[in-house]
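Mapping the sequence shown onto numbering that gives the first Met the number 0, position 67 (from 1) lands on 66, and the numbers just tick up by one.
Backbone N, C-alpha and C define an ideal beta-carbon position, used for all residues, glycine too.
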Amino acid sequence: MKSLIEYIAQSLVDHPEEVRVREIRKGSSVNLALHVAKEDMGRVIGKNGRVANAIRVLLRVAAARQGLRANLDVEEPR
Numbered sequence: 000m001k002s003l004i005e006y007i008a009q010s011l012v013d014h015p016e017e018v019r020v021r022e023i024r025k026g027s028s029v030n031l032a033l034h035v036a037k038e039d040m041g042r043v044i045g046k047n048g049r050v051a052n053a054i055r056v057l058l059r060v061a062a063a064r065q066g067l068r069a070n071l072d073v074e075e076p077r
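Structure, rendered in structure tokens:
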């Protein structure tokens, strides 16, 4: 699932080399944290969060196929 989020994010942004995904597994749940360049935050979040929510839907479908629950957080760049 980490590679899925990396692929989607790298396809959306202008600086794909700065895309980082951190995965934390706890039992049957997976938490993913997405980091992108500050300039690319708008592309990943989208208007009213539509792009980010679409990515979350794809992630949940992929997780459900593996019998897992998944959550995605888009974190503020430093």
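Sort the options by Cα distance to residue i and report the nearest one.
| i | options | result |
| --- | --- | --- |
| Leu67 | Leu58, Glu75, Lys46 | Leu58 |
| Met40 | Glu5, Val73, Leu3, Tyr6 | Val73 |
| Gly26 | His34, Gln65, Pro76, Ile44 | Gln65 |
| Pro76 | Val56, Ala32, Ala69, Gly48 | Ala32 |
| Asn30 | Val20, Glu38, Lys37, Val12 | Val20 |
Mind checking which residues open and close the beta strand (DSSP E) that includes residue i?
| i | result |
| --- | --- |
| Lys37 | Where Lys37 is concerned, there is no enclosing beta strand (DSSP E), given that its DSSP letter is neither H nor E. |
| Lys46 | No beta strand (DSSP E) holds Lys46; DSSP gives it neither H nor E. |
Quick check on residue i: buried or exposed, where buried means 16 or more other Cβ atoms within 10 Å of its Cβ?
| i | result |
| --- | --- |
| Ala53 | exposed |
| Ala62 | buried |
Strictly by DSSP, which residues pair up with residue i?
| i | result |
| --- | --- |
| Asp72 | Ala32 |
| Arg19 | His34 |
For the alpha helix (DSSP H) containing residue i, name the first residue and the last one.
| i | result |
| --- | --- |
| Gln65 | Careful: Gln65 lies outside any alpha helix (DSSP H) and carries neither H nor E. |
| Ser2 | 1-11 |
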